[in-house]
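Take 109 as the starting number for the sequence shown in the working numbering and just add one per residue. Cβ coordinates follow ideal geometry from the N, Cα and C atoms, glycine included.
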Amino acid sequence: MGVSLIALAAMPAAAYEGNFTDTDPKKENVRCNMNAEQVLCVIVGQVPWTVPGNPPPPAHCAPGYKFPTFVLRNTGQVELTNDCRMVVEDGEVLPFHKVLSNGTVVCSGLSREVGIQCVNDQHRFQIARSHYTVS
Numbered sequence: 109m110g111v112s113l114i115a116l117a118a119m120p121a122a123a124y125e126g127n128f129t130d131t132d133p134k135k136e137n138v139r140c141n142m143n144a145e146q147v148l149c150v151i152v153g154q155v156p157w158t159v160p161g162n163p164p165p166p167a168h169c170a171p172g173y174k175f176p177t178f179v180l181r182n183t184g185q186v187e188l189t190n191d192c193r194m195v196v197e198d199g200e201v202l203p204f205h206k207v208l209s210n211g212t213v214v215c216s217g218l219s220r221e222v223g224i225q226c227v228n229d230q231h232r233f234q235i236a237r238s239h240y241t242v243s
């Protein structure tokens, strides 16, 4: 007989692990990496805002390598820091209508501008070139 469409729709999607970006990976943009425990997003290039308190990056970072970095684990609040970690490999472009999930953290593109939004059960972040929000 076949599998009904209802049964297929109810099956969970495979958990995503890998890199993704908000736009053409050759441009300055938001680059992210998702694994089974978290999503890490880094702003590549200049932005008109700073991380609150503008903390220095870790001591192991080379001078001048400081990128706004957002980390959202499967549970807990968003960690917003300056770091030298960078997602260097290209990933798939994540438009608004597409969703990626590791099973707990869910990410998609922003609806009205180029950017990324990610959420776990209680917390979220939205990143665009011009601004960000964390809740």
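Task: Unbroken beta strand (DSSP E) run spanning GLU187, endpoints - done: 187-191
Task: Cβ-based neighbour list, ALA144, same chain, cut-off 6 Å, excluding 5 preceding and 5 following - done: ASN210
TODO: Pull up the distance between the alpha-carbon of ASP198 and that of GLY161, whole angstroms please.
DONE: 30 Å
Open item on the list: Considering Cα atoms alone, identify which of ARG181, HIS205, LEU148 and GLY223 is closest to ASN190.
Closed with: LEU148
Open item on the list: Could you tell me the alpha carbon to alpha carbon distance between TYR240 and CYS215, rounded to whole angstroms?
Closed with: C-alpha of TYR240 to C-alpha of CYS215: approximately 15 Å in a straight line.
Task: Distance, ALA122 Cα to GLN245 Cα - done: The structure shown does not extend to residue 245, since the chain is modelled only from 109 to 243, so the question has no answer here.
Task: Close-in-space but distant-in-sequence residues of the same chain around VAL213 (CB under 8 Å, 5 per side omitted) - done: MET142, GLN146, VAL147, LEU180, ARG181, ASN182, CYS226, VAL227 and ASN228
Task: Inside the region 119-172 only - alpha helix (DSSP H) runs reaching at least 4 residues - done: none
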